[in-house]
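Residue numbers (the numbering used here): 42 to 292. Each remark here refers to the structure printed beneath this line.
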Ligand SMILES: [Zn+2]
C-alpha cells in the first residue's frame with residue numbers, strides 16, 4: 042500500500058444490483074502488488090473461503106522495499122520482514138496454499154511479458170478456480186504498482202487459459218472460472234463476510250512494519266477503520282459486513 046491512498050479511506054460505495062456470494066471455490070489465488078494489499082483487498086473473503094475448505098494462495102509481486110518512512114531501515118531487512126509478515130497474515134487468514142513472492146522492486150513493477158509468463162506459470166501450477174487482484178481500470182489510481190499488478194492478473198489469465206501461450210512452460214493450460222477485482226472502478230459483486238472481519242483485522246495487524254506508515258495506528262483507531270469500511274460496503278449491498286468486487290466470469 043501507499044499511505045496517500047489508504048484503502049480504508051471512506052468513500053461512497055455505489056453498487057448497482059450486486060450479485061452476492063459465489064459458491065466457495067476449491068482453490069483461490071490472490072495477487073497483490075505489495076505485502077498487505079491482498080489482506081486489505083479481500084482478506085475477509087479469503088478467510089471465509091479458507092474456513093469452508095478452499096485452498097488459498099497468495100502471490101505478491103514486489104518486495105515491499107519502499108514501505109517505510111524511516112530512511113535508516115536496511116532494505117534487505119525490510120524485505121525479509123515484509124515477507125515474514127505476509128506469511129503470518131496468510132496463516133491468520135487460514136491459507137493452506139502457497140505464499141509466493143516475485144521480488145520485483147517496490148515502485149517499479151511493470152506488466153511486461155517476462156512477468157506475465159511468471160504469473161501464468163503460477164496460475165497453471167496452482168489451478169485456481171478464482172483469481173483475485175487489483176482492478177487495473179480503477180480511475181484516478183495513480184500508484185503504478187497497483188495498476189501493473191492488475192494488468193498482470195488479467196493478462197496472465199488470458200495466457201494461462203490457452204495452450205498456445207508460453208508452451209515452453211510444459212504445464213497444462215488452465216482457465217479459472219472467474220476473476221474478482223477489489224477496489225473496483227465499477228463493483229458489481231459482494232461477499233458477505235459477517236463473522237470474518239476480525240480475521241481480516243488480525244491479518245492486517247500482522248504487517249507490523251506498516252502500522253504507522255499505512256495503517257496510522259499511532260494516530261487513529263485502525264480496527265474501527267477496518268470495520269467501518271466493511272460496514273459501509275455491506276450497507277450499500279443491504280447485508281451485514283461485506284467486501285466488494287468487480288466480477289469477471291466470461292473468461
Ligand atoms: Zn499496495
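Virtual Cβ for every residue (Gly too), placed ideally from N, Cα, C. None of these values were measured; they are calculated from a predicted model.
Name the one or two DSSP bridge partners that residue i has.
i, result
"residue 99", "71, 140"
"residue 284", "232"
"residue 61", "231"
"residue 145", "103"
"residue 289", "220"
At which residues does the beta strand (DSSP E) containing residue i begin and terminate?
i, result
"residue 174", "171-175"
Have a look at the options and flag the residue whose alpha-carbon is nearest the alpha-carbon of residue i.
i, options, result
"residue 184", "209, 148, 157", "148"
"residue 303", "57, 61, 58, 71", "Past the edges of the chain, shown from 42 to 292, lies residue 303, and the structure says nothing about it."
"residue 136", "246, 273, 68", "68"
"residue 289", "104, 115, 195, 283", "195"
"residue 139", "101, 123, 230, 56", "101"
"residue 129", "154, 99, 150, 117", "99"
"residue 105", "145, 111, 113, 87", "145"
"residue 213", "168, 219, 248", "168"
"residue 248", "191, 121, 176, 88", "121"
Quick one: grab the DSSP three-state call for residue i.
i, result
"residue 15", "There is simply no residue 15 to check, as the chain begins at 42 and stops at 292 in what is shown."
"residue 126", "helix"
"residue 251", "helix"
"residue 90", "helix"
"residue 54", "coil"
"residue 78", "helix"
"residue 213", "coil"
"residue 66", "coil"
"residue 131", "helix"
"residue 226", "coil"
Within the continuous alpha helix (DSSP H) that includes residue i, where are the two ends?
i, result
"residue 220", "No alpha helix (DSSP H) contains residue 220, which is instead part of the beta strand (DSSP E) from 219-223."
"residue 198", "185-201"
"residue 268", "263-278"
"residue 242", "238-246"
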